[in-house]
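Residue numbers (full-length UniProt numbering): 1 to 131.
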């Protein structure tokens, strides 16, 4: 196993990861769904309705509860579910968000592609990311 595989396994052991079907319920209950995929991927594959696109390079500044640049909907007690293509980068990103104070941050198992494969709703991609 490589060092990055070890890091990923250790990171995931700290998260209560979310299956696609469970994300529907969490979103309906008020969870913030954050799509960190690049715009090109979102254009090509679509988006989860209601997800907020924040590309990975801006994530910490937009979701740090103490940052003056945070999104207005970010609160320390809110469930935040990070979505990437297949659920790898999102696990690492969710762990960083937890370190920043979002104790209920987690990620989507299998990422957007698992969501789509489960037959859950998508919308055309291309929503401009929040810079």
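Just so it is clear, CB atoms sit at the ideal spot from N, CA and C, and this is done for glycine as well.
Just so you know, these numbers come straight off a predicted model, no measurement behind them.
| Check | Outcome |
| --- | --- |
| Does the Cβ of residue 40 have 16 or more other Cβ atoms within 10 Å, making it buried, or fewer, making it exposed? | exposed |
| Between the stretch 37 to 52 and the stretch 95 to 106, can you find at least three pairs of beta-carbon atoms closer than 8 Å? | no |
| Identify the residues that DSSP records as bridge partners of residue 52: which are they? | 34 |
| Note down the Cα distance separating residue 128 from residue 2, rounded to an integer number of angstroms. | 35 Å |
| Give the secondary structure of residue 133 by DSSP, where H, G and I count as helix, E and B as strand, and everything else as coil. | This structure does not reach residue 133, given that the chain is present from 1 up to 131, and the question cannot be answered. |
| Let me check understanding here. Comparing Cα to Cα, which of 130, 125 and 16 lies closest to residue 46? | 125 |
| Residue 12 and residue 91 look like a contact to me (Cβ under 8 Å); what is the Cβ gap, rounded to whole Å? | 5 Å |
| Looking at residue 33: is its Cβ nearer than 8 Å to the Cβ of residue 52? | yes |
| Evaluate residue 42 with the Cβ neighbour count: other Cβ atoms within 10 Å of its Cβ, from every protein chain shown; 16 or more gives buried, anything less gives exposed. | buried |
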